[in-house]
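A.B. asks: Read in order, the letters of the sequence shown correspond to residues 5 to 236 in my numbering.
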Amino acid sequence: MTSGPAKRAQGLHGSAFKYDLLTALGAHGCAGDKHRQRLALRLLVLITARYDWRTDTLTTGQREIAALWSVDERTVKREIAKLREMGWLILKRPATRGRVACHGLGVDAILAETRHAWDAVGPDFVARLTGPMPEVDQTVGQGNVVAFPSPAAEESPAGPWGRIRSDWEATDPAGHAAWIAPLRYEGISEGRLRLRAPSAFHASFVRTHHLAALTARLRRAAPDLDGIDLFV
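Right under this line is the structure:
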């Protein structure tokens with residue numbers, strides 16, 4: 005994904021995406037230990053109270069955050085640093101004399117980290133977050149929206165990719181349906197299997213969480229191939 009939450013929030017069903025992101029954070033926190041629950045709750049409150057979805061900016065001073073969280077400023081500094089390290093907050097402008105720091109939301113990191121909790125919300129929730137996000141048509145002054153629907157999963161092809169998909173579906177049906185089936189087989193070029201993902205987030209998630217396993221299965225199915233090229 006290249007546009008971040010600002011473009012998402014302005015796009016078709018943008019309000020729904022806001023709630024989905026907050027739900028993902030909440031479900032992730034509920035499924036974690038007390039430390040992760042507290043961190044997720046604090047970020048949820050901060051987003052709800054102070055985050056500007058239109059500009060992807062969070063410009064609230066440590067003193068105000070400390071009051072909001074009922075903690076001291078040292079705790080705020082530590083928690084904000086932890087959120088930045090996780091990629092959930094992205095520093096856009098450091099604090100200077102007379103100006104507080106400006107952060108944006110690391111939507112990709114939040115979605116990737118909370119993926120384990122999506123199934124607990126429901127299949128409709130998973131479907132919404134795994135499909136491509138709507139984009140704003142930049143050529144129209146009014147910001148008209150063009151929505152790109154999720155492509156239907158293709159029939160499992162013959163050859164190495166067909167064997168990889170069949171094997172994955174047999175061992176992990178839910179993971180196959182959510183992440184592997186939507187990948188489109190684009191053939192083999194220069195000894196590499198080419199796959200197309202339906203969205204930038206989908207491609208990023210597969211690279212982070214599944215590409216190593218896909219490559220291992222490819223080596224078993226087609227030892228003569230060098231690897232996998234995944235693009236959007």
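Backbone N, C-alpha and C define an ideal beta-carbon position, used for all residues, glycine too.
Computed from a predicted model, the values in this text were never measured in an experiment.
Starting from residue 234, trace the beta strand (DSSP E) in both directions and tell me its first and last residue.
C.D. replies: Element bounds for residue 234: 231-235.
A.B. asks: Looking at residue 188: is its Cβ nearer than 9 Å to the Cβ of residue 201?
C.D. replies: Result yes, Cβ atoms of residue 188 and residue 201 sit closer than 9 Å.
A.B. asks: For residue 199 and residue 80, I'd like the C-alpha separation in whole angstroms.
C.D. replies: Taking the straight line joining both Cα atoms gives about 43 Å.
A.B. asks: Answer yes or no: do residue 165 and residue 213 have a C-beta to C-beta separation smaller than 9 Å?
C.D. replies: Contact flag unset, no.
A.B. asks: I'd like to know whether the C-beta atoms of residue 46 and residue 83 end up nearer to each other than 9 Å.
C.D. replies: Yes, Cβ-Cβ distance for residue 46 and residue 83 is below 9 Å.
A.B. asks: Whose CA, out of 180, 233, 175 and 205, lies closest to the CA of residue 191?
C.D. replies: Minimum Cα distance to residue 191 is reached at 233.
A.B. asks: Determine, using beta carbons only, whether residue 21 comes closer than 9 Å to chain C.
C.D. replies: This model lacks chain C altogether, as it is built from one protein chain only.
A.B. asks: According to DSSP, simplified to helix, strand and coil, what is residue 188?
C.D. replies: Strand at residue 188.
A.B. asks: Work out the CA separation of residue 204 and residue 225 for me, nearest whole Å.
C.D. replies: If I take the Cα positions, the gap works out to 27 Å.
A.B. asks: Could you check whether residue 62 and residue 109 sit closer than 9 Å to each other, using their CB atoms as the reference points?
C.D. replies: Going by C-beta atoms, residue 109 is nearer than 9 Å to residue 62.
A.B. asks: Quick check: the Cα distance between residue 50 and residue 211, rounded to an integer number of angstroms?
C.D. replies: One C-alpha to the other measures close to 30 Å.
A.B. asks: Kindly identify the DSSP beta-bridge partner or partners of residue 108.
C.D. replies: In DSSP, residue 108 forms a bridge with 94.
A.B. asks: Tell me whether residue 64 counts as near the ligand MG, meaning its Cβ is closer than 8 Å to at least one heavy atom of that ligand.
C.D. replies: Absence of the ligand MG from the depicted structure is noted, as is the absence of any ligand whatsoever, leaving it without description.
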